[in-house]
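Engineer:
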Amino acid sequence: MKVFGSFFALAAAQEETCDTFRAKWVARKVAANLFRSENVAIVGVKLANYRFPSIEIRDQEYRGFVAFTEDVCGADFTEKLANGEVTADLMDASDAYEIDDIRYKDDGKYSYTGIGYKLKSIVNKDYPFKEKKSIVRKINSFDQVQILLRGLSQVDWKTTQDNCLLRLAAGFMEASDSYPDNLTECVLEQKRFWVEPAEINDGGFSLGLTSFF
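Per numbering that gives the first Met the number 0, the sequence shown runs over residues 0 to 212.
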């Protein structure tokens, strides 16, 4: 398991460097169930473009982050996601995304596991988009990322699967060739989620996400 603590895991020089890399985080109401089975879930994450004027996420590459917090998920899920017993992949209509790193942040009651990823290619078939008569028109108002999680049947959830997966936290930042190799670790080191999100009691919500069919 890739683990780091709030104060001790990074060397002093790294901490000075990491302090400059901070993502923009959005409210924890950006996820919805798309498909699920006993062992697998596909969760859609909706990120509004133009939410932060300095970051364009549809026509430019960007770096994204997703965090699952122990206050709603429990340690069993966060640790299994970090050590690979629960696996994560990113999906879209094209192979546009790549996971950079998955890290467990050991921070007491604020512990969580975070996924860092990148939009690695700009294509029109990147949800959401519309296709008619072989003409593809990308919708630029938001980006939709699908997270495929496997191994969920073995998880002992602290609350419920919906409360964990649909209350994920999401953030993003502009892309750059100058980022360090441990960017995901740096970004997560700077972020603590102070407030436990409200529970979900209705089995999820649509958020206007685009289905595959």
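For every residue, glycine included, the Cβ atom is placed at its ideal position computed from N, Cα and C.
How do the stretch 103 to 111 and the stretch 37 to 57 stand: do at least 3 beta-carbon pairs fall below 8 Å, yes or no?
Structural biologist: At 8 Å Cβ cutoff, the stretches do not touch.
Engineer: Taking the straight line between their C-alpha atoms, what separation do you get for R191 and Y109?
Structural biologist: For R191 and Y109, the distance between alpha carbons rounds to 7 Å.
Engineer: Which of helix, strand or coil does DSSP assign to T77?
Structural biologist: Looking at T77 - three-state DSSP - the assignment turns out to be helix.
Engineer: For the stretch 119 to 131 against the stretch 70 to 81, do three or more pairs of beta-carbon atoms, one drawn from each stretch, fall closer than 8 Å, so that the two count as touching?
Structural biologist: Flag = no, the stretch 119 to 131 and the stretch 70 to 81 do not touch.
Engineer: Would the beta-carbon of A114 fall within 7 Å of that of V65?
Structural biologist: According to the sequence provided, residue 114 is Ile. The question's Ala does not apply to it. Yes, the Cβ-Cβ distance between I114 and V65 is below 7 Å.
Engineer: Taking 7 Å as the cut-off, decide whether the C-beta atoms of Y61 and F171 are in contact.
Structural biologist: The answer is yes: Cβ separation under 7 Å.
Engineer: Does DSSP classify V135 as helix, strand or coil?
Structural biologist: The answer is strand: DSSP assigns V135 an E or B state.
Engineer: Spell out the partners DSSP gives T158 in its beta bridges.
Structural biologist: In DSSP, T158 forms no bridge with anything.
Engineer: Can you tell me which of the three DSSP states E184 falls into?
Structural biologist: E184: helix per DSSP, three-state reduction.
Engineer: Please specify which runs of the beta strand (DSSP E), each continuous and at least 3 residues long, are wholly inside the stretch 13 to 64, giving them in chain order.
Structural biologist: Segments of the beta strand (DSSP E) lying fully in the stretch 13 to 64: 23 to 25, 30 to 35, 39 to 47.
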